[in-house]
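This report concerns only the one structure given below.
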Amino acid sequence: MKRRVMNKKLLYRKAYKILDKSTPLKIDCGLLCNKRCCAGDSKSGMQLYPGEEIMLSNKKFLHLRDEIFHNMNIKFAICNGSCDRKHRPLACRVYPLTPYVSQKGKLFIVEDPRAKYICPILLYNKSKDIDKYFKRKVYKVFLLLSQDEDINKYLLYLSDTIRGYADFTGMKLPI
Numbered sequence: 003m004k005r006r007v008m009n010k011k012l013l014y015r016k017a018y019k020i021l022d023k024s025t026p027l028k029i030d031c032g033l034l035c036n037k038r039c040c041a042g043d044s045k046s047g048m049q050l051y052p053g054e055e056i057m058l059s060n061k062k063f064l065h066l067r068d069e070i071f072h073n074m075n076i077k078f079a080i081c082n083g084s085c086d087r088k089h090r091p092l093a094c095r096v097y098p099l100t101p102y103v104s105q106k107g108k109l110f111i112v113e114d115p116r117a118k119y120i121c122p123i124l125l126y127n128k129s130k131d132i133d134k135y136f137k138r139k140v141y142k143v144f145l146l147l148s149q150d151e152d153i154n155k156y157l158l159y160l161s162d163t164i165r166g167y168a169d170f171t172g173m174k175l176p177i
């Protein structure tokens, strides 16, 4: 299937709308870990998906910096800890899940092995408590976003990284 570069702002608006008010648990999971995933410093934060910075420029709770990821120029967002939830990055919206493209090219939504020792949901094997509708919405978002050539390329690189972390943590991924 040929991928094309699409209007990123329109894509991200649709993605954000799909996930609007959706969370992994029926409660604010930030209460379980004192919002640990939101406590960024100069070395921690979230990678933005290609072009997502168009949705986040001029947001005072975020600092964006340039990064290189598998030879791609991307943006990295660092939160000051007082986020405006309706304007948070996509990686924050789907945490502790992540998109994963298997070696056979199939899209899955999996537990993010990078979050295994940070997020209490994963640390204490509570992923079965993740809302199934939330997971479906996350899948729908990445099915939509993967139609964009740049985002699809990023998802393939991200999946290579996810495989490396999964090997390290002993997590099993779909084939």
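Count along the sequence shown from 1, then add 2; that gives the number in this note's numbering. Backbone N, C-alpha and C define an ideal beta-carbon position, used for all residues, glycine too.
Put residue i into one of helix, strand or coil per three-state DSSP.
| i | result |
| --- | --- |
| residue 119 | coil |
| residue 90 | coil |
| residue 82 | coil |
| residue 100 | strand |
| residue 22 | coil |
| residue 169 | helix |
| residue 164 | helix |
| residue 154 | helix |
| residue 4 | With a pLDDT of only 49 at residue 4, under 50, the local geometry of the prediction cannot be trusted, and no value is derived from it. |
| residue 10 | helix |
| residue 130 | helix |
Give the C-beta separation of residue i and residue j to the nearest angstrom, bearing in mind that I take them to be a contact with Cβ-Cβ under 8 Å.
| i | j | result |
| --- | --- | --- |
| residue 79 | residue 50 | 6 Å |
| residue 21 | residue 116 | With a Cβ gap of about 20 Å, residue 21 and residue 116 do not count as contacting. |
Got a sec, what are the start and stop residues for the alpha helix (DSSP H) residue i sits in?
| i | result |
| --- | --- |
| residue 56 | 55-58 |
| residue 71 | Segment 64-71 is the beta strand (DSSP E) holding residue 71; no alpha helix (DSSP H) there. |
| residue 147 | 134-147 |
| residue 179 | Summary: the structure shown does not reach residue 179, with the chain confined to residues 3 through 177, and so no result is reported for it. |
| residue 34 | 32-35 |
Measuring CB to CB, does residue i end up less than 9 Å from residue j?
| i | j | result |
| --- | --- | --- |
| residue 82 | residue 62 | yes |
| residue 92 | residue 145 | no |
| residue 85 | residue 64 | yes |
| residue 10 | residue 152 | yes |
| residue 98 | residue 157 | no |
| residue 58 | residue 147 | no |
| residue 52 | residue 142 | no |
**OP:** Answer yes if the segment 158-172 comes into contact with the segment 65-74, meaning at least three C-beta pairs across the two stretches below 8 Å, and no otherwise.
**Re:** yes
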